[in-house]
Ligand code: HEC
Ligand code: HEC
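In my numbering, the protein residues as written are 88 to 272.
Written out as structure tokens, the structure is:
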């Protein structure tokens, strides 16, 4: 016979257990994504202050195997509710300043003219801040941006065929200029 007291007791013990499991899960991310939001390795992206919808989609895609990476730990045990909570947790952190230099004028001009012909900010929004499931690019690690753009082109990153098509349609030297320009924003 299950009493109301037993149900309440189970609910009360489940709530802190859930909170603790999220805290434990995000602690594991810091070893790569940084205790203060600055990843130790430049090929690892900033996730502090990234758009929550975007973080969630990436975790979902890592779990599904639509986005593959040999370094990234598996998130196959994560439930949707965990991934949404983790995404919200990181989105609320302040975006860290990696102190990357501004692109020199001729690189910035090349990037801006490529941006105008493709219309990147139509999706990534003004000043590349992103929104919802579209990521912030401003101030992201230059090495990571260059790597993930190359991965879209080779379909090593195959989770968004639309971005792959766009990256394939953009000249390689324009993309290099964009990575340098975006990192310095
Ligand atoms: C062993 C190192 C490592 C750990 C631990 C790790 N990550 Fe990552 N993470 C990476 C690397 C490397 C990438 C870039 C993958 C790529 O190049 O496609 C990445 C990418 C991501 C991205 C995509 C960001 C973007 O801009 O596309 C998200 C979101 C993410 N990680 C979240 C997490 C969360 C949440 C945790 C903890 C549960 C975590 N990561 C733990 C190494 C790690
Ligand atoms: C039609 C809308 C759209 C346009 C136009 C667009 N993007 Fe994106 N971009 C996205 C979306 C959505 C994602 C997230 C893909 C995913 O979920 O993996 C993305 C992802 C990215 C990423 C990966 C960021 C990360 O943290 O891993 C880079 C880099 C990027 N875009 C650069 C560009 C550049 C540079 C341009 C212009 C040349 C551009 N995008 C144009 C919608 C767009």
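Cβ atoms here follow ideal geometry from the backbone N, Cα and C, with glycine treated the same way.
Under a three-way DSSP split, which group does residue 130 fall into?
coil
Nearest-angstrom Cα separation, counted from residue 183 out to residue 108
25 Å
For ligand 1, is there a heavy atom less than 7 Å away from the beta-carbon of residue 193?
no
Going straight from the alpha carbon of residue 206 to that of residue 257, what length do you get?
11 Å
DSSP on residue 218, reduced to helix/strand/coil?
strand
Taking the alpha carbon of residue 141 as the reference point, which residue from 119, 111, 177 has its own alpha carbon closest?
177
Pull up the distance between the alpha-carbon of residue 260 and that of residue 248, whole angstroms please.
21 Å
Could you check which residue in 187, 211, 138 has the C-alpha nearest to that of residue 172?
138
Under 8 Å between C-beta atoms, does residue 221 make it to chain B?
The structure shown contains no chain B; it holds only a single protein chain.
Just how far apart, CA to CA, sit residue 220 and residue 144?
7 Å
Cβ pair residue 271, residue 187 closer than 8 Å:
yes
Given the structure, does residue 159 come close to ligand 1, in the sense that its CB is under 7 Å from one of the ligand's heavy atoms?
yes
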